[in-house]
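Okay, so here's the structure we're looking at.
Numbering (the numbering used here), first residue to last: 25 to 277.
So, in structure tokens, the structure goes:
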């Protein structure tokens, strides 16, 4: 059971709508891209992902409908999107955005921690044939980069997950797309069932924690060199008219 955050709600959401280049995710990899060599996998079972012990936790069931509060339990949140319809909002205790009207429809929620992110998680509900979510550790603030028209910064960790598949990547700002380190299916739950995911980072190694307790470890030097204090959660649809996933809770540390 997730701890409900004590709320300090500001009057308005700090948000920005921006346009940027194609976001290559969800197994749709840019033509000619070669997957990077990973550091090997450690396969086994561990604890089912949850927010236990995370210094930042948010249960959206405790928040009213509308824009995301600019502050939750003392942590500042900002949102960004490719268009106003993709801006994340709260509805019925879930973080959602509008149905995708174009391909590569993305909305982001970001908070900056006081030190580089070591842990990032979310509980999500997927729909049949619907969108994905991503948990990303950016090297610098995503929102600041987009507001300054600098494009997307490097990301040491970009964990993308759909209803039955996950992908771990880094985002290369020079290349302008993500570079996939690992790509696998997982045991899906019935549509609409809340499922939790978490990634933990120790230096240049990331461990992926899946809903049934399965774990995967991936090592790459860019994981540590491109990971900063930006903890980011994304709602993403590769195709127009896909129904978005909904995030019900998130956590970070």
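Note that CB positions come from ideal geometry on N, CA and C, so glycine has one too.
- It is roughly 12 angstroms from the alpha-carbon of residue 208 to the alpha-carbon of residue 241.
- The Cβ atoms of residue 149 and residue 276 do not sit closer than 7 angstroms to each other.
- In the DSSP assignment, residue 214 falls outside any alpha helix (DSSP H), carrying neither H nor E.
- Within the region 175-232, the complete beta strand (DSSP E) segments at least 3 residues long are 179-185, 189-196, 201-209 and 219-226, listed from N- to C-terminus.
- Look at the region 134-160 and you find these whole runs of beta strand (DSSP E), each 3 residues long or longer: 143-149.
- Taking C-beta atoms as the reference points, residue 152 and residue 221 fail to come closer than 7 angstroms.
- Exposure of residue 138 is indicated by the presence of fewer than 16 other C-beta atoms within 10 angstroms of its C-beta.
- If you ignore the 5 residues before and after residue 218, its C-beta comes within less than 8 angstroms of the C-beta of 147, 148, 149 and 272, all in its own chain and listed in chain order.
- Spatial neighbours of residue 263 in its own chain (CB-CB distance under 8 angstroms, excluding positions within 5 residues in sequence) are listed in chain order as 124 and 127.
- The beta carbon of residue 227 lies closer than 7 angstroms to those of 248 in the same chain, with the five residues before and after it left out.
- Exclusion of the five residues before and after residue 122 leaves 109 and 110 as the residues of its chain whose Cβ lies within less than 7 angstroms of its Cβ.
- A distance below 6 angstroms between beta-carbons, with the five flanking residues on each side excluded, links residue 202 to the following residues of its chain, in chain order: 48, 182, 193 and 195.
- The beta-bridge partner set that DSSP reports for residue 271 consists of 119 and 148.
- With respect to the C-alpha of residue 210, the residue from 243, 200, 223 and 185 having the closest C-alpha is 185.
- Residue 162 and residue 200 have their C-alpha atoms some 14 angstroms from each other.
- According to the DSSP assignment, residue 81 belongs to the beta strand (DSSP E) that extends over 80-83.
- Inter-segment contact for the region 127-136 and the region 249-257 is present: three or more beta-carbon pairs are separated by less than 8 angstroms.
- Excluding sequence positions up to five before and after residue 231, its CB lies within less than 6 angstroms of the CB of 224, 239 and 241, all in the same chain and listed in chain order.
- Closest in C-alpha terms to residue 104, from the list 96, 91 and 274, comes 91.
- The beta carbon of residue 115 sits closer than 7 angstroms to those of 89, all from its chain and outside the five residues before and after it, given in chain order.
- A residue is called buried once 16 or more other Cβ atoms fall within 10 Å of its Cβ, and residue 171, having fewer, is exposed.
- For residue 163, DSSP records no beta bridge to any residue.
- From the listed residues 233, 107 and 129, the smallest Cα separation to residue 266 is found for 129.
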